[in-house]
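Residues in the sequence shown are numbered consecutively from 1, following the UniProt record's numbering.
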Amino acid sequence: MRITPARRLPVAVAAAVTGTLTWAPTATAQPTEPTPSAAVTDTPQPDAGSIGIVKKDPAGDILKGAAFLLFDATGQEAGSGTTDAQGQLTFTGLAPGVYRLKETTSGSPLHDVVADQDVIVTPGATARLTIVDPFKPAQVLLKTKDNKTGKLLPGSTVNIGSGEKTLLTLTTGPKGTATGELAVPSRKAEFWVKQVKAPKGYELSKPVKTFTAGPGAPITVTVTNTKTATTPKPTEKPTDQPTATPSMPTDSPAGSTSGGSASNPPATGTPDTDSSVISSADGTDPTSPKTPGGSLAHTGADATPWILGGAGLMLVGGIGAIAAARRRTGSEPEPDENADTN
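And the structure:
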């Protein structure tokens with residue numbers, strides 16, 4: 001018995017499913033790419049952050065044209081820009097982390113740049129900064145002069161300040177000048193200058209002067225001093241020697257009567273060897289060195305009372321001798337004229 005083969009169908013095969021004949025698509029012979037596994041997923045990137053800058057000066061005025069550079073934690077440049085007419089600048093699309101902000105120019109001839117600073121960027125947030133550029137300091141030149149000759153004087157120290165605060169101290173050098181930078185808080189400010197140490201040989205300048213200065217402007221401050229008053233030197237140099245040599249007192253008083261005892265001769269400018277040795281009042285050896293010629297002997301005590309006492313005794317003795325002689329003369333008998341001479 002001949003069996004006829006079943007008719008081939010290119011796109012379907014017969015299959016019995018619960019007693020019903022159905023058609024199902026055949027599998028293709030070409031290989032297909034594997035389906036990605038559900039366990040493999042992409043790591044989501046964190047939200048980026050940003051930095052917003054507002055630029056001002058100490059007076060509160062907006063500064064445009066200030067240039068900045070931004071560096072990441074590795075030192076690579078992450079951005080750059082300048083402030084606009086409103087003084088603003090924004091760095092966007094920054095990964096979270098720490099950045100270094102550097103101002104390269106203030107955009108103004110009156111203002112200085114600020115120091116570098118670190119900025120922390122957090123995910124999805126803007127770090128906002130208000131940066132104030134200080135005014136450039138004034139350049140001060142100090143001169144101290146002689147008030148009459150105008151000569152520059154070294155060694156002068158002055159304080160310069162505003163209000164009750166001292167901002168700068170300067171001391172003139174060998175050339176009589178000194179320089180320094182004075183912080184200026186506004187476009188035009190007033191300052192005082194006071195001398196606290198005068199140059200050698202000069203009086204302290206007591207008046208307190210004032211002056212005005214602007215940012216970055218040169219200013220010259222001049223202080224004048226007067227020489228210290230000096231006492232005139234004496235025309236003749238004083239000497240220790242006396243101007244006149246005192247005369248020696250005499251041993252006998254003036255006006256002695258005749259007939260008394262003989263008196264000692266008066267002392268001369270150069271005493272002899274015997275009269276030059278006088279016993280001292282304190283009992284020392286009278287053979288002490290003799291006094292040089294032309295000067296009185298030094299006895300340790302004033303000899304004037306002794307001399308006057310001796311002269312008084314001599315005077316009393318002379319008067320007594322005269323009185324005794326007169327008594328003897330009166331007691332002698334007068335010769336008898338009637339006496340026999342044979």
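In this text, a Cβ means the ideal position worked out from N, Cα and C, and glycines have one as well.
Quick one: what's got a C-beta closer than 6 Å to residue i's C-beta in the same chain, skipping five residues either side?
i, result
"leucine 296", "Per-residue confidence for leucine 296 stands at a pLDDT of 47, beneath the threshold of 50, marking its modelled position as unreliable; no derived number is given."
"residue 344", "The question about residue 344 has no answer, for the chain in this structure spans 1 to 342."
"threonine 220", "Leu141"
"lysine 197", "Thr157"
Could you check where the beta strand (DSSP E) with residue i kicks off and where it finishes?
i, result
"residue 346", "The displayed coordinates of the chain run from 1 to 342. Any statement about residue 346 would go beyond what the structure contains."
"glycine 81", "77-82"
"tyrosine 99", "97-105"
"valine 140", "138-146"
"threonine 126", "126-132"
"lysine 197", "189-197"
"threonine 122", "First-last for threonine 122: undefined, no H or E at that position."
"leucine 89", "88-94"
"lysine 209", "209-213"
Going along the chain, which residues of its own chain have a beta-carbon closer than 7 Å to the beta-carbon of residue i, five neighbours each way excluded?
i, result
"aspartate 272", "Model confidence at aspartate 272 stands at a pLDDT of 42, short of 50, so the residue's coordinates are unreliable; what they give is reported in the following sentence. Around aspartate 272: no qualifying Cβ."
"alanine 325", "none"
"glutamine 117", "Leu101"
What's the call for residue i, buried or exposed, on a 16-neighbour Cβ count within 10 Å?
i, result
"alanine 125", "exposed"
"aspartate 133", "buried"
"leucine 182", "buried"
"glutamine 86", "exposed"
"alanine 323", "exposed"
"proline 199", "buried"
"threonine 212", "exposed"
"alanine 311", "buried"
"alanine 229", "exposed"
Going by beta carbon distance, what residues of the same chain come within less than 8 Å of residue i, once the five residues before and after it are set aside?
i, result
"aspartate 84", "Lys64"
"alanine 39", "Since pLDDT at alanine 39 reaches only 44, below the 50 mark, its modelled position is unreliable, and the value read off the structure follows with that caveat. Hits under 8 Å: none found."
"valine 114", "Glu103, Ile131, Val132, Asp133, Pro134"
"leucine 153", "Thr144, Lys145, Asp146, Thr172, Gly176, Pro199, Tyr202, Asn225"
Do residue i and residue j have their C-beta atoms closer together than 9 Å?
i, j, result
"valine 158", "threonine 149", "no"
"glycine 93", "alanine 67", "no"
Item to complete: Could you tell me whether the stretch 92-111 touches the stretch 67-84, using the rule of 3 or more Cβ pairs below 8 Å?
Response: yes
Worksheet item: Within the chosen definition, does the stretch 111-124 reach the stretch 154-165 through at least 3 CB pairs nearer than 8 Å?
Response: The stretch 111-124 and the stretch 154-165 do not touch, with fewer than 3 CB-CB distances between them shorter than 8 Å.
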